[in-house]
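A.B. asks: Be aware that the sequence shown starts at 92, since it is given in my numbering, and climbs by one per residue. Let me give you the structure first, and then I'll get to my questions.
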Amino acid sequence: MNFIGRIKLADFNFGLFSKSALPILLEEGFEHFFHENLTTNDRFINIHDFLIDLPSLAKLIYEAKQENNVLWKVYEVDDAIIMEVFNPITFEIQQRATYSSKKKTWDIYCLPFTTGENETVINPLAYPMAPLVWYYLSTEEDIIMIHASGIDDHGIGRIFSGFSGVGKSTLATIWNKQGSQIINDDRLILRVMGNGDVMMYNTPMPYSDSSKATSLNYIYLPFHSKENSFKALSGAQRLAKTLAFCIQHGYNEKAILHHINVMERIINKCPVASLGVYPDPEICGFIRSHEIQ
């Protein structure tokens with residue numbers, strides 16, 4: 092088994108090992124998530140250049156679809172899960188992967204392919220495999236993945252959470268033009284630390300970006316409006332509304348309860364507000380004026 096390197100994600104280390112002699116080609120977004128100075132592994136990823144057969148006793152427990160096309164399937168067998176992951180464009184089989192929670196180990200099996208430069212390579216973490224690995228980390232650790240843009244305003248961390256079209260990227264851009272750093276404008280990992288503080292992290296994307304992290308202080312749920320408005324949320328409402336934008340698969344009760352627990356701890360630390368947004372630079376001052384310092 093050849094050691095490839097270690098990916099650091101949300102301060103967890105993923106050790107990559109290959110049983111293949113073929114080169115491994117990952118998307119450019121992974122480049123800055125590899126760290127040479129890491130020495131420990133929180134999870135192991137073993138890479139193979141062939142597809143295993145699906146065991147006859149494997150039980151289908153979940154199927155993710157895009158219209159009538161399957162994106163991935165999850166099976167149970169013994170004390171492990173097996174995933175079949177399909178190409179999101181051609182919908183052909185792309186990877187089969189097994190995960191052992193006891194061993195904290197992934198084995199990812201994928202077929203070689205030829206690049207435009209006529210080189211035979213493998214891409215074990217081709218989308219959506221990598222986000223699925225991050226998702227399963229969230230079922231075991233004090234983290235949760237969320238559809239949100241996040242900014243670091245000179246040490247004050249804010250996220251703007253919602254589905255496509257609510258203005259997450261627009262808000263991140265406005266803050267960036269006023270000197271804030273964009274952590275990511277689409278998908279984040281939130282982590283509850285040992286002392287109860289909350290951190291936000293970006294994840295590898297199809298494009299190149301540095302690995303980023305900052306504290307999380309405020310959570311906003313934006314919507315389009317003719318004028319700026321602010322409504323603090325409390326109780327069950329703030330939990331339900333924030334969970335709605337978190338990445339959950341919903342077939343495992345233990346994972347659901349775990350994600351609820353993690354989000355409860357996050358919102359008990361970070362105020363949540365519904366935010367009507369008229370997208371001009373004044374929104375930044377408007378938000379600051381309503382925050383509890």
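In this text, a Cβ means the ideal position worked out from N, Cα and C, and glycines have one as well.
(1) Between which two residues does the alpha helix (DSSP H) carrying Gly326 extend?
(2) Within 10 Å of its beta-carbon, does Asp276 have 16 or more other beta-carbons around it, so buried, or fewer, so exposed?
(3) For a quick check, are the C-beta atoms of Asn104 and Asn132 less than 8 Å apart?
(4) Between the Cα of Leu202 and the Cα atoms of Tyr190, Asp144, Val257 and His238, which residue gives the shortest distance?
(5) Thinking just about the alpha-carbon of each residue, which of Met220, Asn128, Gly120 and Thr211 is nearest to the one in Ala155?
(6) Does the separation of the CB atoms of Ile280 and Tyr292 fall below 8 Å?
(7) To which residues of the same chain is Gly258 closer than 7 Å at the C-beta, ignoring the five residues directly before and after it?
(8) Can you confirm whether the region 201 to 218 touches the region 254 to 271 when touching is taken to mean that 3 or more C-beta pairs between the two stretches lie within less than 8 Å?
(9) Leu129: which of Gln186, Asp102, Val161 and Leu216 sits nearest, CA to CA?
(10) Give me the residue from Phe182, His139 and Glu232 with the minimum Cα distance to Glu158.
(11) Measuring CA to CA, which of Ile273, Ala112, Phe121 and Ile237 is closest to Asp243?
(12) I'd like to confirm the pairing. Which residues does DSSP put opposite Leu281 in its beta bridges?
(13) Exposed or buried, what is Lys164 when buried is set at 16 or more other beta-carbons lying within 10 Å of its beta-carbon?
(14) Between the alpha carbons of Phe121 and Leu107, how many angstroms are there, rounded?
(15) Below 8 Å between beta carbons: does that hold for Pro362 and Ala331?
(16) Can you grab the Cα-Cα spacing for the pair Glu127 / Gly285, in whole Å?
(17) Buried or exposed: where does Thr211 fall if 16 or more other Cβ atoms within 10 Å of its Cβ makes it buried?
(18) Skipping 5 residues on each side, what residues in its chain have a beta carbon closer than 8 Å to that of Ile95?
(19) Secondary structure at Cys361, three-state DSSP: helix, strand or coil?
(20) Find the nearest neighbour of Gln35 within the set Thr189, His245, Ile237 and Ala364, judged by alpha-carbon distance.
(21) With the cut-off set at 8 Å, would you say Lys195 and Arg134 are in Cβ contact?
(22) I need the DSSP call for Asn104, collapsed to helix, strand or coil.
(23) State the start and end residues of the unbroken alpha helix (DSSP H) segment that holds Lys259.
(24) Just the C-alpha distance for Gly241 and Tyr226, rounded to the nearest angstrom, thanks.
(25) Please go through the region 135 to 219 and give each complete beta strand (DSSP E) segment of 3 or more residues, from N-terminal end onward.
(26) What are the boundary residues of the beta strand (DSSP E) that includes Gly248?
(27) Under the rule that 16 or more other beta-carbon atoms within 10 Å means buried, what is Asn308, buried or exposed?
(28) Roughly how many angstroms lie between the CA atoms of Ile98 and Gly256, to the nearest whole one?
(29) Who pairs with Arg97 in a beta bridge, going by DSSP?
C.D. replies: The answer reads as follows:
(1) First-last of the alpha helix (DSSP H) with Gly326: Gly326 to Leu334.
(2) Buried, by the Cβ-count rule.
(3) The answer is yes: Cβ separation under 8 Å.
(4) Nearest option by C-alpha distance: Asp144.
(5) Of Met220, Asn128, Gly120 and Thr211, the smallest CA-CA separation from Ala155 is found for Met220.
(6) Contact check for Ile280 against Tyr292 passes: the beta carbons are separated by less than 8 Å.
(7) The answer, listed in chain order, is Pro313, His315, Val368 and Pro370.
(8) Note that the region 254 to 271 does not touch the region 201 to 218; fewer than 3 beta-carbon pairs, one per stretch, sit closer than 8 Å.
(9) Comparing Cα-Cα distances from Leu129 to each of Gln186, Asp102, Val161 and Leu216, the minimum goes to Asp102.
(10) Of the residues Phe182, His139 and Glu232, the one whose Cα lies closest to the Cα of Glu158 is Phe182.
(11) Looking at the Cα atoms, Ile273 is the closest of the given residues.
(12) DSSP lists Ile235 and Met291 as partners of Leu281.
(13) With 16 or more Cβ atoms within 10 Å of its Cβ, Lys164 is classed as buried.
(14) Rounded to the nearest angstrom, the two C-alpha atoms are 12 Å apart.
(15) No. Outside cutoff.
(16) Near 25 Å, if we compare the C-alpha coordinates of Gly285 and Glu127.
(17) The Cβ neighbour count for Thr211, taken over all protein chains shown within 10 Å, is under 16; the residue is labelled exposed.
(18) Only Leu107, Phe108, Ser109, Ile115 and Ile138 meet the Cβ criterion.
(19) Cys361: coil per DSSP, three-state reduction.
(20) Since the displayed the chain opens at 92 and closes at 384, residue 35 lies outside it and no answer follows.
(21) For the pair Lys195 and Arg134, the CB atoms are nearer than the 8 Å cut-off.
(22) Strand, per DSSP.
(23) Unbroken alpha helix (DSSP H) run through Lys259: Lys259 to Lys268.
(24) One C-alpha to the other measures close to 19 Å.
(25) Secondary structure in the region 135 to 219: the beta strand (DSSP E) runs of 3 residues or longer, each lying completely within the stretch, are 150 to 157, 160 to 168, 171 to 177, 184 to 191 and 196 to 201 in chain order.
(26) Ile247 to Ser252 is the span of the beta strand (DSSP E), which, as asked, contains Gly248.
(27) It is buried - the Cβ of Asn308 has at least 16 other Cβ atoms within 10 Å.
(28) Taking the straight line joining both Cα atoms gives about 31 Å.
(29) Note: Arg97 sits in a beta bridge opposite Gly106.
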